[in-house]
Structure formats: C-alpha cells, structure tokens
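Residue numbers (my numbering): -9 to 236.
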C-alpha cells in the first residue's frame, strides 16, 4: 500500500468516520452466531424455545440465503433496541439478568471478531500516513466497540470511538458525526462517512459530510446504498482509489 496519498475526489478530506459491523468487521461471520445464541436464550427464558428462529426473522435475517433486510433491527439497531423488541415479541418482562446475559453473549467472543481485510491495520496505517484522522461510529455499545477494536489490535489507529449509548444520538441522526468533528477539530465537510447500511450513509448526508462511501461487506446490497452513496466498493480497500500517490 502507498504510504503517502492525497485526496482526489474530495481535496479537503481530512478525516474518515467508519461504521464498525459490516464495514470494518465481517457481519455474518462475527454476529450471526451471537444473535442465534441470544435468540435461543431469550426464547428459552420466555418458555417459547420454538420462537428463536422467529426472533431472527423479525430482526431482519433472511434464513434462505443468510442475508439481511436493509436497515433492519439486527443489521442496524442498538443492543437496547434488540433487547426491547425481542422481549416484547416474546411477551417477556425484561429483567436485568436477561439483559446482562445477552450483553455477555455479545461481548465474550473477542477471538471471533473477523475483520473484512486480512491486513486491516496496514490499510488503516496507509490512511493515517497521509494525515487522515480516523474514527468509528457504531450502533453497538461504546464499551463493546472499544473491546472489539482492542481485541482486533487496531484501537490505537482511531482517534475517536462512539456507540449508540455514548450520548450523541443514534443513526441516521447527525450527532455521532458532529461529535467526531468536535472531538478532532474537523468540520463536517472535511469528513467521509463509510458504512454498509443506508442508515450509515443517511447519517453522513444529514450531517452534510464531504463524502459518503458505501461498502458491500455487511448487510445491504448495492441498490439500497446507491441513493445515499457517492461511491460504493466491495470492501473498504476500494477507497484507496479516491487518493493519488504523492
């Protein structure tokens, strides 16, 4: 990878804010086993073990081909939204122990986080090497995001990390991008928003960023991203075409 790059399509680009799941992390290989385990647990707790598959389906999972409905609950929702929706569907009074168990399920497989690139750190270092400020904005909880990035060995590449519980609102509202800019001293037009869902890119548009970039490593097909994306790539490595070697 080139070490010194200059922006081509957005010459004032100074920062990139990435979604996490489906953008930096392979969504199905990382999260599908955990969602299945949490659905099994809650359906058992409600005395309705036969409904575990229904929880996944109403969450947006299409079992026939293991794909996802765009912007569905499991593809783009927060942990709290998932807990509340599933407990309501099951008629289960959501107790602290239920939430804690699901939280533990979502946070105990650090070794199973699968990056979308075999050399994710090399890619991030290339971007940082040309002076770009990097951040992560996820609908996961912030503490979980921090642990995930630490487990993957890339936390130190990011100057900013926030989650759905960080107090900046949720996607597609612009709060996470505004917080990234406030934290780093950038202005919105200097930022590219990169994500795998319409909600990620809508957040970018709502915040009036300089560039929105869609990737196909998550839960959404090209056609659903196209109305909100300036560029769409198979994975984040495609972004390097936006730069010229110095």
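By construction, the Cβ of each residue, glycine as well, lies at the ideal position given by its N, Cα and C atoms.
Tell me, please, which residues DSSP counts as bridged to residue i.
i, result
"residue 183", "7, 202"
"residue 25", "Paired residues: none, contrary to the question."
"residue 223", "205"
"residue 151", "126"
"residue 58", "51"
Can you give me the C-alpha to C-alpha distance between residue i and residue j, rounded to a whole angstrom?
i, j, result
"residue 251", "residue 42", "Since the displayed the chain opens at -9 and closes at 236, residue 251 lies outside it and no answer follows."
"residue 44", "residue 61", "18 Å"
"residue 3", "residue 222", "17 Å"
"residue 199", "residue 178", "5 Å"
"residue 51", "residue 143", "29 Å"
"residue 159", "residue 167", "10 Å"
"residue 149", "residue 172", "12 Å"
"residue 220", "residue 232", "11 Å"
"residue 139", "residue 145", "5 Å"
"residue 135", "residue 225", "20 Å"
"residue 259", "residue 147", "The question about residue 259 has no answer here: the residues shown for the chain are numbered -9 through 236."
"residue 124", "residue 111", "12 Å"
"residue 116", "residue 69", "32 Å"
"residue 227", "residue 190", "18 Å"
"residue 187", "residue 16", "13 Å"
"residue 121", "residue 127", "20 Å"
"residue 74", "residue 109", "37 Å"
"residue 169", "residue 195", "15 Å"
"residue 184", "residue 118", "16 Å"
"residue 95", "residue 28", "7 Å"
"residue 46", "residue 182", "32 Å"
"residue 83", "residue 35", "10 Å"
"residue 87", "residue 72", "15 Å"
"residue 176", "residue 210", "29 Å"
"residue 214", "residue 76", "26 Å"
"residue 6", "residue 37", "46 Å"
According to DSSP, is residue i part of a helix, a strand, or is it coil?
i, result
"residue 237", "Lying before the first or after the last residue shown, residue 237 is absent from the chain, which here runs from -9 to 236."
"residue 93", "helix"
"residue 103", "coil"
"residue 247", "The chain is shown only over -9 to 236; residue 247 falls outside these bounds and no answer can be derived."
"residue 170", "helix"
"residue 51", "strand"
"residue 158", "coil"
"residue 116", "helix"
"residue 138", "helix"
"residue 17", "helix"
On the premise that residue j lies in contact with residue i, defined as a C-beta separation below 8 Å, what is that separation, rounded to the nearest angstrom?
i, j, result
"residue 131", "residue 163", "Actually they do not touch by this definition, with Cβ atoms about 17 Å apart."
"residue 49", "residue 207", "Wrong, their Cβ atoms sit about 19 Å apart, outside the cutoff."
"residue 59", "residue 53", "No, residue 59 and residue 53 are not in contact; Cβ-Cβ is about 12 Å, not under 8 Å."
The segment 197 to 211 in contact with the segment 90 to 98 per 3-pair CB rule at 8 Å: Verdict: no, contact absent.
Inter-stretch contact at 8 Å, needing at least 3 Cβ pairs: the segment 101 to 119 / the segment 12 to 24: Three or more Cβ pairs closer than 8 Å define a contact, and the segment 101 to 119 meets that threshold against the segment 12 to 24.
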